[in-house]
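Engineer:
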RNA sequence: GGGCAGGUACCCUAGUGGCCAACGGGGUCUGACUGUAAAUCAGAUGGCUCAGCCUUCGGAGGUUCGAAUCCUCCCCUGCCCA
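Numbering (the working numbering), first residue to last: 50 to 447.
1) Please check the pair residue 159 and residue 124, which I expect to be a contact at CB under 8 Å, by giving their CB distance rounded to whole angstroms.
2) Grab me the residues of residue 425's own chain with a C-beta within less than 7 Å of its C-beta, minus the 5 sequence neighbours each way, in chain order.
3) Per the contact definition of three or more C-beta pairs closer than 8 Å, is the segment 96 to 108 in contact with the segment 308 to 316?
4) Around the C-beta of residue 58, are 16 or more other C-beta atoms found within 10 angstroms, so that it is buried, or is it exposed?
5) Count the other C-beta atoms from every protein chain shown that fall within 10 angstroms of the C-beta of residue 283, then say buried if there are 16 or more, exposed otherwise.
6) If residue 266 sits next to residue 69, beta carbons under 8 Å apart, how far is it from one beta carbon to the other, in whole angstroms?
7) If you compare alpha carbons, which of 155, 112, 380, 120 is closest to residue 91?
8) If the criterion is Cβ atoms closer than 8 Å, does the pair residue 325 and residue 347 meet it?
9) Short check: CB of residue 89 to CB of residue 263, under 8 Å?
10) What residue range does the alpha helix (DSSP H) around residue 79 cover?
11) How would you call residue 229, buried or exposed, if buried means at least 16 neighbouring beta carbons within 10 angstroms?
12) What number of angstroms, rounded off, separates the C-alpha of residue 212 from the C-alpha of residue 244?
13) Leaving out the 5 sequence neighbours to the left and right, which residues in its chain are closer than 7 Å to residue 61 when beta-carbon positions are compared?
14) I'd like to know whether the C-beta atoms of residue 73 and residue 63 end up nearer to each other than 8 Å.
15) Could you name the residues of the same chain whose beta carbon sits closer than 8 Å to that of residue 268, not counting the 5 residues immediately before and after it, in chain order?
16) Under the assumption that residue 299 contacts residue 351 (Cβ atoms under 8 Å), give the Cβ distance between them as a whole number of angstroms.
17) Among 225, 441, 199, 109, which residue has its Cα nearest to the Cα of residue 376?
18) Would you kindly report the start and end of the unbroken beta strand (DSSP E) that includes residue 263?
19) So, at 7 Å on beta carbons, what are the nonlocal neighbours of residue 438 in its own chain, with the 5 sequence-adjacent residues on each side left out?
20) Of the residues 286, 94, 328, which one's Cα is nearest the Cα of residue 155?
21) Starting from the C-beta of residue 204, find all residues in its chain whose C-beta is less than 6 Å away, skip the five residues before and the five after it, and write them out in chain order.
22) Is residue 364 buried or exposed, if buried means 16 or more other CB atoms sit within 10 Å of its CB?
23) Could you check what DSSP says for residue 118 in three-state terms: helix, strand or coil?
24) Taking the beta strand (DSSP E) that residue 90 falls in, what are its first and last residues?
25) Return the chain-ordered list of same chain residues with a C-beta closer than 7 Å to the C-beta of residue 227, the five sequence neighbours on each side being excluded.
26) Name the two residues that bound the continuous alpha helix (DSSP H) containing residue 389.
27) DSSP state of residue 427, grouped into three classes?
28) Starting from residue 177, follow the beta strand (DSSP E) in both directions and report where the run begins and ends.
29) For the beta strand (DSSP E) that residue 455 lies in, which residues bound it at each end?
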């Protein structure tokens, strides 16, 4: 059910949804050699949430895996302690082993929804870094210069802007590079922001007389609103989002990113996508309908067709026809209660102040009747629907 | 070790004795409108026993009728000198 049931043709695999391959000729040669290639991909078990942006790369891995190659998944239990500087986020929280293990498991659960577990080798950095000595650190660090590190845009920027930059962080690319030596990688995958780190691995392999790995970079998918995909903007779709949630999020996406999502996250043939783009530009098709199609495709890929159908039904019911959702949480209201208290207790407001605000702004409805008095007392003798805004519902039962 | 500049709400930032629960932007929420949970526009956005009160501006003390703002010590960051 995940991506890549019918292998795409090689040319499409190497171009669609690919930002850059270093070098494509070399990679083609390896792919044609008949050898089983070792496809490396690493992750830090610090932020285990995979979103639709990661999905782009995972699909690529899956597609190549379907050609018979082996995926080597590296659990970055050491690099996680540094924190990837490419993210420029200087949180150097040392994670305890328990957390690392739990995070890694969460990550893999999501990872293997797309990638074939049977043809994946999972390796932990601690296998080799656990016995690293200072002498090993010398050997590794002596091969790179500060100038090379400062060529990394994120390092340079942070340095120039006077932001903190620890020596430990400079080690990040080196550790990642060494992983390639440890697992003997043929190709390493990552987003375009990983170019520097992956190239460092290629360099190191060359220096140590090994065949340099190829660099396979996938584009960074833009967020639902067209801006950079980021948790702060809340414009992501998580791989573990339930179907209804995915459906809604896709429907809230900006019109101008629809095509990009089709290209990068679905198997819809390019010819068909180009046709959609023309139709949309000409105004012959409502972007909303394309988004509905996109939502169906994605949910079918990540769940199944039945889940997609149900999610669509629910969306149409609640948001297009403005009817009530088929399921909503229940709250037992045994006696009369003030509306504000009720909102808080039913989990529809985080605090009483917020509850008052919602009432005063006209966002609270009982059986579709606006309640505008914060002093109102609510009592029910039969089930009633308490609603906040467009999408939060609670069934009140006596 | 010395000098200088900083540490403000979920994030980024303004504020340098009372007009500060604290400007502005992001995020979030609500409303209007719509083609949709798009776009756009408007409002809201610490808490509470809510015309008032309580807790917030790195931490702990202090000055003052009154402090995010002044003083002392401490912690953290950057730059310069050694």
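Don't be surprised by glycine CBs; every beta carbon is placed ideally from N, CA and C.
Structural biologist: Looking at the atomic coordinates:
1) Going by Cβ atoms, the distance from residue 159 to residue 124 rounds to 14 Å, so no, they are not a contact pair.
2) 388
3) yes
4) Result: exposed.
5) exposed
6) 5 Å
7) 120
8) In this structure, residue 347 does not lie closer than 8 Å to residue 325 by Cβ.
9) Against a cut-off of 8 Å, the Cβ pair of residue 263 and residue 89 comes out as no contact.
10) Start and end: 73 to 81.
11) buried
12) Put simply, the backbone Cα of residue 212 is about 22 Å away from that of residue 244.
13) none
14) yes
15) For residue 268, where only same-chain residues beyond five positions count, the Cβ hits under 8 Å are 66, 67, 68, 105, 240, 241, 313.
16) Not quite, the Cβ-Cβ distance comes to about 12 Å (not below 8 Å), so this is no contact.
17) Cα-wise, what sits closest to residue 376 is 441.
18) 263 to 267
19) 412
20) 94
21) 198
22) Result: buried.
23) coil
24) Annotation for residue 90: the continuous beta strand (DSSP E) segment containing it runs 87 to 92.
25) 189, 253
26) 388 to 394
27) strand
28) First-last for residue 177: 175 to 178, but that is the alpha helix (DSSP H), not the beta strand (DSSP E).
29) In the structure as shown, the chain starts at 50 and stops at 447, and residue 455 therefore has no counterpart that could be examined.
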